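Have a look at this one:
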């Protein structure tokens with residue numbers, strides 16, 4: 012299974028923000044849309060990733076307040092990315108190694124989507140359920156010995 016398969020099932024709704032927008036606005040967007048991350052784009056290029064982890068660190072670093080902090084100050088400016096062709100096993104390895112819960116999917120310089128650790132886990136479970144059903148059907152249809 013590849014990243015493109017996960018995105019096909021997940022859909023292609025993307026939420027982005029610019030680095031010079033207030034962090035408070037980003038938090039509002041994340042809360043309003045029940046999402047854990049925003050892709051930070053500037054002039055059509057991926058420049059960062061903002062997740063609830065970066066938001067919490069920024070709030071703690073600012074004495075418990077969002078204040079006038081800009082996204083640029085809080086974002087991860089070197090997010091790990093993948094391509095549409097990246098294999099599911101490779102994604103799992105990278106996400107575990109880098110403690111990445113969200114990963115932008117790129118096709119050269121174009122943002123194609125974002126996959127989450129949840130998306131990956133769901134794809135694995137769905138794949139295992141499908142294999143389980145196929146095995147049960149195979150066993151059920153196995154000819155009886157006479």
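In the working numbering, the protein residues as written are 12 to 157.
From the three backbone atoms N, C-alpha and C, an ideal C-beta is built for every residue, glycine too.
In this text, all values refer to a predicted model and were calculated from it rather than measured experimentally.
Taking every protein chain shown into account, the CB of residue 88 has fewer than 16 other CB atoms within 10 angstroms, so this residue is exposed.
The alpha-carbon separation between residue 123 and residue 62 amounts to approximately 18 Å. The Cβ atoms of residue 33 and residue 59 lie no closer than 8 Å to each other. Residue environment analysis places residue 16 among the exposed positions, since fewer than 16 neighbouring C-beta atoms fall within 10 angstroms of its C-beta. Along the region 78-135, the alpha helix (DSSP H) occurs as fully enclosed runs of 4 or more residues at 82-85 and 99-109, listed in sequence order.
Beta-bridge pairing by DSSP links residue 49 to 61. Here residue 117 is not near residue 49, since their CB atoms are 8 Å or more apart. Residue 39: member of the alpha helix (DSSP H) spanning 34-43, first to last residue. With a threshold of 16 other beta carbon atoms within 10 Å, residue 100 falls short and is exposed. Going by DSSP, residue 18 is part of the alpha helix (DSSP H) stretching over 14-21. Residue 154 counts as exposed, since fewer than 16 other C-beta atoms from the protein chains shown sit within 10 angstroms of its C-beta.
Cβ-Cβ distances below 8 Å link residue 28 to 36, 37, 40, 49, 50, 51, 52, 61 and 82 in the same chain, with the five nearest sequence neighbours on each side left out; the list follows chain order.
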